[in-house]
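**Student:**
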Amino acid sequence: MAPTAQVSAEPKARERILETAYELFSRRGIRDVGVDEVVARASVAKATLYRHFPSKDALVLAFLARREEQWTKGLVEEGARARGKTPEERLLAIFDVFHDWFASPEFDTCSFINALLEMGREHEVGRSSIDYLENIRSVVRGLADEASLRDTDSFARSWHILMKGSIIAAAEGDLAAAKRAQAMGRLLIEQHR
Numbered sequence: 072m073a074p075t076a077q078v079s080a081e082p083k084a085r086e087r088i089l090e091t092a093y094e095l096f097s098r099r100g101i102r103d104v105g106v107d108e109v110v111a112r113a114s115v116a117k118a119t120l121y122r123h124f125p126s127k128d129a130l131v132l133a134f135l136a137r138r139e140e141q142w143t144k145g146l147v148e149e150g151a152r153a154r155g156k157t158p159e160e161r162l163l164a165i166f167d168v169f170h171d172w173f174a175s176p177e178f179d180t181c182s183f184i185n186a187l188l189e190m191g192r193e194h195e196v197g198r199s200s201i202d203y204l205e206n207i208r209s210v211v212r213g214l215a216d217e218a219s220l221r222d223t224d225s226f227a228r229s230w231h232i233l234m235k236g237s238i239i240a241a242a243e244g245d246l247a248a249a250k251r252a253q254a255m256g257r258l259l260i261e262q263h264r
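Residue numbers (my numbering): 72 to 264.
1) Taking all protein chains shown into account, decide if residue 177 is buried (16 or more other Cβ within 10 angstroms of its Cβ) or exposed.
2) Answer yes if the segment 119-137 comes into contact with the segment 214-228, meaning at least three C-beta pairs across the two stretches below 8 Å, and no otherwise.
3) Please report the straight-line C-alpha distance between residue 213 and residue 182, rounded to a whole angstrom.
4) Ends of the alpha helix (DSSP H) at residue 101?
5) Relative to the alpha-carbon of residue 188, which residue among 90, 149, 235 has its alpha-carbon at the smallest distance?
6) Considering only C-alpha positions, which residue in the set 85, 116, 161 is nearest to residue 253?
7) Based on Cα-Cα distance, which residue from 229, 190, 163 lies nearest to residue 208?
8) Quick one: which unbroken alpha helix (DSSP H) runs of 4-plus residues sit fully inside the segment 135-189? Chain order, please.
9) Going by DSSP in three states, residue 75 sits in which element: helix, strand or coil?
10) What does the Cβ neighbour count give for residue 97, buried or exposed, with the cut at 16 atoms within 10 Å?
11) Does DSSP put residue 222 in a helix, in a strand, or in coil?
12) What residue range is occupied by the uninterrupted alpha helix (DSSP H) comprising residue 257?
13) Using the Cβ count rule (16 or more neighbours within 10 Å means buried), how would you classify residue 232?
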């Protein structure tokens with residue numbers, strides 16, 4: 072009976088570790104958070120952490136994968152699709168989602184940008200962050216395709232600059248950054264019709 076209890080406890084320990092890492096990494100970055108702090112906050116042994124995540128980098132990569140699920144797909148993509156009726160409205164709704172996010176206590180900037188800047192583009196975590204940022208552009212590119220815009224790759228890259236810029240501006244304290252970016256987004260849509 073003991074092995075069954077251990078098997079059922081393992082996913083719970085893994086989830087606690089990942090939830091703890093998510094909270095810490097998204098709020099404070101990667102380098103500021105040590106494995107010992109994750110272990111202490113998740114109430115697990117260090118051996119348990121390393122059984123599930125063989126290195127801190129492996130834990131960071133799992134955090135980034137979860138961030139994509141919760142932030143890119145959950146908050147941004149689903150939020151934009153729920154708020155906009157047409158593809159153009161959905162594109163613009165990304166900034167409505169951002170506006171609400173910037174004003175919330177959960178605003179914690181972009182973990183992909185942060186990880187890339189912290190670790191650099193040559194590091195495994197940096198390369199993974201670049202891939203996740205491309206996934207965000209893919210969402211934008213897909214909406215631009217649905218809206219029958221021209222040169223959707225260029226559009227997505229420009230739109231993503233507006234997204235990233237508004238996040239940085241909000242981190243500086245500009246809570247109207249998303250609305251400013253949305254106004255520029257309207258002009259960008261017009262240029263790509």
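Every residue, glycine too, gets a C-beta built ideally from N, C-alpha and C.
**Tutor:** Reading from the atomic positions:
1) Taking the first residue of the sequence shown as 1, we reach residue 177 at position 106. That one is exposed.
2) no
3) Along the sequence shown, one-based indexing puts residue 213 at 142. Along the sequence shown, one-based indexing puts residue 182 at 111. Rounded to whole angstroms, residue 213 to residue 182 spans 22 Å at the Cα level.
4) Here the question's residue 101 lines up with position 30 in the sequence shown. Looking at the DSSP string, residue 101 is not in any alpha helix (DSSP H), and its letter there is neither H nor E.
5) Here the question's residue 188 lines up with position 117 in the sequence shown. The residue with the shortest Cα to Cα distance from residue 188 is 235.
6) As a working mapping, residue 253 is identified with position 182 in the sequence shown. Out of 85, 116, 161, 161 has the C-alpha closest to the C-alpha of residue 253.
7) On the sequence shown, residue 208 is found 137 positions in, with the first residue counted as 1. Of the candidates 229, 190, 163, the residue whose Cα lies closest to the Cα of residue 208 is 229.
8) Within the segment 135-189, the complete alpha helix (DSSP H) runs of at least 4 residues fall at 150-154, 158-174.
9) Here residue 75 is taken as the residue at index 4 of the sequence shown, counted from 1. With a pLDDT of 49 at residue 75, under the threshold of 50, the modelled position of this residue cannot be trusted; read the value that follows with caution. Helix at residue 75.
10) The sequence position of residue 97 within the sequence shown is 26, counting from 1. It counts as buried.
11) Working through the sequence shown from its first residue, we reach residue 222 at position 151. Residue 222 sits in coil when the DSSP states are folded into three classes, being neither helix nor strand.
12) For the purposes of this step, residue 257 is taken as residue 186 along the sequence shown, with counting starting at 1. Note, residue 257: alpha helix (DSSP H), 248-262.
13) Here residue 232 refers to the residue found at position 161 of the sequence shown. It counts as exposed.
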